Every structure is written in structure tokens, then in C-alpha cells.
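The structure appears below as C-alpha cells.
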Amino acid sequence: MFLTTTIEIEMEQVPVEVGGEKLLLSLLALDGFLASDPNAFLDTLHSAAQSLAKHFWSQPAAHHQRSACMVLDLSSDLAGRSARELDAALDSFFVQARPHAVQTQKFMYALFQRPVFQVFALGNMDYERFCQRWMTLNRDANRPHCATTRAQAMSFGRELLTIAHRP
């Protein structure tokens, strides 16, 4: 059972240099994943993604990017929990979540007006299991990329932008 719907949000456009070009990596850190009502969390994620895209477009560097990357950091909420605790929380979360609640690439493209990579920082959660459950909510959703820490997710996001912005 989930205790609260309080979700802490951190949003930032992180400048990265790729091939001499200044690009933006969008960071969205959410704390409260495990303690929140799944549908309230996914609604918050949806609204936060909209705000993040709006902030993305307010930055001059955004206008020449061919793709975008959004890093979703859930790792602080998941830190220090056992694999058994994480599995139980994951099962409970996805059982209670509404079908079609996750963002599709079409939704993300509409927000950012370009293809968007999504990278999740999931701590020591079983990535494969998370992705499988994420995809069961909406078969049209893109499979997210996963990393353990925020730093790894940011590095992976930078690599994806590097590949997407090759001449």
C-alpha cells in the first residue's frame, strides 16, 4: 500500500558539449516513487515532462538540436532497499497503475518536437523487469534505457546525443 502522494521534483537542463556543439540534456529527478499512488506519480511525471519540455524550448541551444534526451532519476528513492523490497514495490506499483499511463514516443515527440531518448536511473532495481513492466502499461511506449546512478544515466544520455548528432 502506498502512503502518500507527495512527490519531490527536480528539473534541470544540463548543457553538454557534443562534437563542439552545445546541446541540452534534460534531467528530471523524482523522489516519492515507492511511497506514491502509482497513478498520481505517473500524472506528476506527465506534467513534469511537459514543464521540462517547455523549459527546454526556452533555451537557445534547444533550437538546433536534432534529438533530445530526458534522464529520469528515481535512484534516490530506491537506494538502500533490498532486491525483494524493490520487486514487491515494483509489482504493487504496476498492478495499481492505469493502462496507457506511460508516455509514448509520440507524446514525447509532441512535447520536444524531435525524437527523445529516455534514460532511467534506477539504483539497483532489476532493469529488465522494470522495462518489461513499463511496457505492459502501454505497448506503444518506447523501451527506456536504464542505468544505476544519475551520473551513469547522464553519461549514457550524452552518448546517445553524440550518436544522434553525428554529421
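Number 169 marks the last residue of the sequence shown (this note's numbering); no jumps.
Think of the CB as a built atom: it goes at the ideal place given N, C-alpha and C, for glycine as much as any other residue.
These figures come from a predicted structure and were not determined experimentally.
Assuming residue i is part of the beta strand (DSSP E), what are its boundary residues?
| i | result |
| --- | --- |
| D75 | A70 to D75 |
| A31 | E23 to D33 |
| A123 | V118 to A123 |
| Q15 | E10 to V20 |
Which residues in the same chain as residue i place their Cβ atom closer than 6 Å to its Cβ, once the five residues preceding and following it in sequence are excluded?
| i | result |
| --- | --- |
| M127 | L80 and L88 |
| T14 | The sequence given here has Glu at residue 14, not Thr. So the list reads L29, once near-sequence residues are dropped. |
| F122 | L74, P146 and C148 |
| T6 | Any answer about T6 is weak, because its pLDDT of 47 lies below 50 and its placement is not dependable; what the coordinates show is given next. Cβ neighbours of T6 beyond the five flanking positions: A37. |
| S67 | Position check: residue 67 holds Gln in this sequence, whereas Ser was assumed. Around Q67: L25. |
| L162 | C71 and F119 |
| D142 | T106 |
When the distance is taken between beta carbons, is residue j closer than 8 Å to residue i?
| i | j | result |
| --- | --- | --- |
| L27 | A64 | no |
| I9 | F58 | no |
| L54 | M72 | yes |
| V20 | R160 | yes |
| R135 | L92 | yes |
| P40 | Q98 | yes |
Can you name the start and end residues of the alpha helix (DSSP H) that residue i belongs to?
| i | result |
| --- | --- |
| A64 | Segment: none, A64 is in no alpha helix (DSSP H) and carries neither H nor E. |
| I165 | R152 to A166 |
| A42 | P40 to W59 |
| F149 | Just to set this straight, residue 149 is Ala in the shown sequence, not Phe. Per DSSP, A149 belongs to no alpha helix (DSSP H); it is in the beta strand (DSSP E), H147 to A149. |
| R86 | A85 to Q98 |
Output needed for residue i: all residues of its chain with C-beta closer than 7 Å, excluding positions within five of it in sequence on either side, in chain order.
| i | result |
| --- | --- |
| R83 | none |
| A166 | R68 and S69 |
Which residues in the same chain have their Cβ closer than 8 Å to the Cβ of residue i, if we skip the five residues on either side of it in sequence?
| i | result |
| --- | --- |
| R168 | G21 |
| V118 | S69, A70, C71, M72, Q107, M110 and Y111 |
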